[in-house]
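Notes for the one structure printed next.
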Amino acid sequence: MLTFSWNLFFLNLLPLTDSYIPKKQIYFDRQKQLVGFTYPIPGCEARDEQGNCCFKWADIVCHLDMVATRPGVMGFVPYISHVDENKYPDTKIVVQVPDNSNNPMNCYLYWERVVRFMDNNQPLPDVPEYETYRHLDEPTAEFDKKNDRPNKFWSDFSLDQQAEIWQKFNKEAAHFNWLRATPNKEIIKPWLHFKGEPERIEKLTWKYKAKRLALQLFMGIP
Numbered sequence: 010m011l012t013f014s015w016n017l018f019f020l021n022l023l024p025l026t027d028s029y030i031p032k033k034q035i036y037f038d039r040q041k042q043l044v045g046f047t048y049p050i051p052g053c054e055a056r057d058e059q060g061n062c063c064f065k066w067a068d069i070v071c072h073l074d075m076v077a078t079r080p081g082v083m084g085f086v087p088y089i090s091h092v093d094e095n096k097y098p099d100t101k102i103v104v105q106v107p108d109n110s111n112n113p114m115n116c117y118l119y120w121e122r123v124v125r126f127m128d129n130n131q132p133l134p135d136v137p138e139y140e141t142y143r144h145l146d147e148p149t150a151e152f153d154k155k156n157d158r159p160n161k162f163w164s165d166f167s168l169d170q171q172a173e174i175w176q177k178f179n180k181e182a183a184h185f186n187w188l189r190a191t192p193n194k195e196i197i198k199p200w201l202h203f204k205g206e207p208e209r210i211e212k213l214t215w216k217y218k219a220k221r222l223a224l225q226l227f228m229g230i231p
């Protein structure tokens, strides 16, 4: 009952209460090449259309630091801040990477995703998370039309299959020399490398829903 009550509150009700509590967040504007902060930054003059303090993307940097992630346990975390941290110390914000913090690779991967997203000289990376937004980004829409990209390519991949592909590249990243190696060539036509298996896509039947709810409420698995 204790586990059930805990998961019911923190997995379902807590997000509702969080929506009423101001958060220290940072967001990246690919089109305008700006980085915004949802909390006050002393000395900041520029504001975006939402009234939040913002800086040019070129003035934002990231560095790694080792901190105590848990009592007695040290781990790597990425810190994002303005390049002039002495002038804008409040821009320093720590990012909680969702993976194992004992390996700095996860911090490198996080920052690489941000840098690649903000590079508007290139189309958006062809990954599932951008599938439904690619047509909204002009360079990406033009690139997809030129390359005759299949419409909604990743829609034929189940979540399990997407996770398998992610694990494959994650293993490669674990052995990559992030400090000295030459970056790998980006895969711009994933349909030539991967084939979707629509039959593996989860059907939202009552059995599937009941299973997911039970895993969430009794084991804390989202």
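Letter by letter, the sequence shown follows residues 10 to 231 of my numbering.
For glycine and all other residues, C-beta sits at the position ideal for the given N, C-alpha and C.
- Counting of Cβ neighbours within 10 angstroms places serine 90 among the buried residues, the total reaching 16 or more.
- Shown here for leucine 224: same chain residues with a beta carbon closer than 6 Å to its own, the five before and five after excluded, namely Ile230 in chain order.
- Between tryptophan 66 and valine 44, the alpha-carbon positions lie close to 6 Å from each other.
- A Cβ-Cβ separation of about 6 Å places phenylalanine 37 in contact with valine 123 under the 8 Å criterion.
- Annotation for glutamine 171: Pro137 place their beta carbon closer than 6 Å to its own, counting only its chain and skipping 5 residues before and after.
- Comparing alpha-carbon positions, the option among Asp146, Gly60 and Thr47 lying closest to lysine 101 turns out to be Thr47.
- Phenylalanine 85 is a Cβ neighbour of cysteine 116, given a cutoff of 8 Å.
- Annotation: aspartate 27 is outside any beta strand (DSSP E); the continuous alpha helix (DSSP H) that includes it extends over 23 to 27.
- Under the three-state reduction of DSSP, leucine 188 is assigned to coil, being neither helix nor strand.
- Taking C-beta atoms as the reference points, serine 167 and isoleucine 210 count as a pair closer than 8 Å.
- Per the C-alpha coordinates, the member of Val70, Asn156 and Lys32 positioned closest to tyrosine 88 is Val70.
- Taking 8 Å as the cut-off, the beta carbon of aspartate 74 is found no closer than this to the beta carbon of valine 92.
- In this chain, valine 106 is not harboured by any beta strand (DSSP E), its DSSP state being neither H nor E.
- Checking the DSSP bridge columns, you'll see phenylalanine 46 partnered with Ile35 and Cys62.
- According to DSSP, serine 90 shares a beta bridge with Val70.
- By the Cβ neighbour-count rule, leucine 133 is buried, with 16 or more other Cβ atoms within 10 Å of its own.
- Per DSSP, the continuous alpha helix (DSSP H) segment holding alanine 150 begins and ends at 147 to 155.
- Note on phenylalanine 13: under 16 other CB atoms within 10 angstroms of its CB, so exposed under the neighbour-count rule.
- If you draw a straight line from the Cα of asparagine 193 to the Cα of glutamate 181, it comes to about 11 Å.
- For proline 159, the closest alpha carbon among the candidates Cys62, Pro207 and Trp200 is that of Trp200.
- By the C-beta density criterion, asparagine 111 is exposed, having fewer than 16 other C-beta atoms within 10 angstroms.
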